[in-house]
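A.B. asks: First the structure, which I've put down as structure tokens, then a few questions once you've had a look.
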Amino acid sequence: MQNQEETVQIHIKSMEKTVNFPVRSSEFCKRCKGSGKKDKRPCPYCCGSGSVKMLDCIRCNGTKLIDNGLKCNVCNGNGTLSEVETREFLSARQFCENFKKNPAKTILVCLACLVALAICAHIFSGYAFIDYRLIKSWPAYISLIVGLCAGFYVLVCLNKMNKGSYLPQFTKTIISIAIIALWIAAVAIPGPVTGRYCWIESQAKDIISNGISSQGISCNKVKVISSDSDEYRAIADLSNGEIIEVNIHYKKIYAHNHKINYSIDVVPVDRNGDSSNGE
Ligand SMILES: [Zn+2]
Ligand SMILES: [Zn+2]
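The sequence shown stops at residue 279 when you use our numbering, and every number in between is there.
In structure tokens:
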């Protein structure tokens, strides 16, 4: 037993054991400039000690090289990793091992997150593109928070894949680009591209349904076809099979309190007389 040698104990979940890593050297902590404090709290990088314990790289065991004589890409050929980097690597490695065991689960969870992100982008865009004040309402807040959390989870998975996977760098880059492209598409397509009128369309649908309910019919769907500032031209599908063209006018009402006030008028377009609504 070498009692003099300083070691760091790290629990390796996948091996279900705790491993003692001998400390190779101690380095001055650059994050807190050796003070051990960051923002008046103990520095998370050196745990408040001001110095960082360097351990043998867990992938190359300090040899700086991997399998086919290539430079180790975990420690960048330094042979050592800090305690924090070792823990991060082990957590990312765990993620990759879980993925290998059950890839369908991780893929489904990430796809579900992307769908949640897309739905939230759709809802949020419906508020943001009509009136910026509407994004201060709770449906907009909730969709923003839920969407960001779901999207963030996908990026965390991507980061773990990049850190902990032994795939060649080129393959990892291709996977990363594909996931980021999906992420951007999940925001852009249901959001700014197709979702910018979703809120006004649902409001107009309710207004039309209310207006024609006495005739025993309702409105199934409203689709905005063009817009000019607060004026929207739309097509409404009625439950009796009729399709009518309407003008939707959104009016901001400024209130002294923090409440959001607005009014929405929906007027059918009279094709014969070509008279449209005044206000
Ligand atoms: Zn520090
Ligand atoms: Zn290494």
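We treat Cβ as the ideally placed atom computed from N, Cα and C, and that holds for glycine. Keep in mind that this is a model prediction, so the values were computed, not measured.
Select from C149, K33 and V267 the residue whose C-alpha is nearest the C-alpha of C46.
C.D. replies: For C46, the nearest C-alpha among the options comes from K33.
A.B. asks: Which full runs of the alpha helix (DSSP H) of 4+ residues lie inside the region 204 to 255, going along the chain?
C.D. replies: Counting whole runs of 4 or more residues, the region 204 to 255 contains no alpha helix (DSSP H) stretch at all.
A.B. asks: Would you kindly work out how many angstroms separate the C-alpha atoms of I180 and L117, rounded to a whole number?
C.D. replies: Roughly 13 Å separates the two Cα atoms.
A.B. asks: Could I get the ranges of all uninterrupted beta strand (DSSP E) runs contained in the region 40 to 68, with 3 residues as the minimum, in chain order?
C.D. replies: With a minimum length of 3 residues, the continuous beta strand (DSSP E) runs that stay inside the region 40 to 68 are 51 to 56.
A.B. asks: State buried or exposed for R93, treating a residue as buried only when at least 16 other CB atoms are found within 10 Å of its CB.
C.D. replies: Buried, since its Cβ has 16 or more Cβ neighbours within 10 Å.
A.B. asks: Can you list, in chain order, the residues of its chain with a C-beta nearer than 7 Å to that of F152? Leave out the 5 residues immediately preceding and following it.
C.D. replies: So no residue of the chain qualifies.
A.B. asks: Quick one: residues with CB closer than 5 Å to any heavy atom of ligand 2, in chain order, please.
C.D. replies: So the residues near ligand 2 by this Cβ test are C57, R59, C60, C72, V74 and C75.
A.B. asks: Is R31 near ligand 1 - that is, is its Cβ less than 7 Å away from at least one heavy atom of it?
C.D. replies: At least one heavy atom of ligand 1 is nearer than 7 Å to the Cβ of R31, so yes.
A.B. asks: Go to K13, then tell me how far its beta strand (DSSP E) extends in each direction, as first and last residue.
C.D. replies: Neither: K13 is in no beta strand (DSSP E) and is coded neither H nor E.
A.B. asks: Say yes only if the C-beta of Y45 is nearer than 7 Å to one or more non-hydrogen atoms of ligand 1, and no if none qualify.
C.D. replies: Because some heavy atom of ligand 1 lies under 7 Å away, the Cβ of Y45 counts as near it: yes.
A.B. asks: Starting from I174 and walking both ways along the alpha helix (DSSP H), at which residues does that stretch end?
C.D. replies: Element bounds for I174: Q169 to A188.
A.B. asks: With a Cβ-Cβ cutoff of 8 Å, do A186 and A121 count as a contact?
C.D. replies: Cβ atoms of A186 and A121: closer than 8 Å.
A.B. asks: Please list, in chain order, all residues of the same chain as V84 whose beta carbon is under 7 Å from its beta carbon, the five residues on each side excluded.
C.D. replies: Taken in chain order, the residues that qualify are Y45.
A.B. asks: Ligand 1 and G309: does any heavy atom of the ligand fall closer than 7 Å to the residue's C-beta?
C.D. replies: For residue 309 there is no data in the structure shown, the boundaries of the chain being 1 and 279.
A.B. asks: Going by the CB atoms, is the gap between D56 and F28 shorter than 8 Å?
C.D. replies: For F28 and D56, no; Cβs fall outside 8 Å.
A.B. asks: Assuming the contact rule is C-beta atoms closer than 8 Å, I208 and A236 should be a hit. Round their C-beta distance to whole Å, please.
C.D. replies: At roughly 5 Å, the Cβ-Cβ gap stays under 8 Å, so I208 and A236 are in contact.
A.B. asks: Who are S82's beta bridge partners in DSSP?
C.D. replies: DSSP, once it has assigned bridges, lists M54 as partnering S82.
A.B. asks: Would you call the CB atoms of I243 and A234 closer than 8 Å?
C.D. replies: Against a cut-off of 8 Å, the Cβ pair of A234 and I243 comes out as no contact.
A.B. asks: Please confirm whether V146 and L114 have their CB atoms less than 8 Å apart.
C.D. replies: No, these two residues do not count as a Cβ contact at 8 Å.
A.B. asks: Helix, strand or coil, according to DSSP, for E27 in the structure here?
C.D. replies: In this structure, E27 counts as strand in the three-state DSSP scheme.
A.B. asks: Threshold first: 3 residues or longer. Then list the beta strand (DSSP E) segments lying entirely within the region 114 to 173, N to C.
C.D. replies: Within the region 114 to 173, no complete beta strand (DSSP E) run reaches 3 residues.
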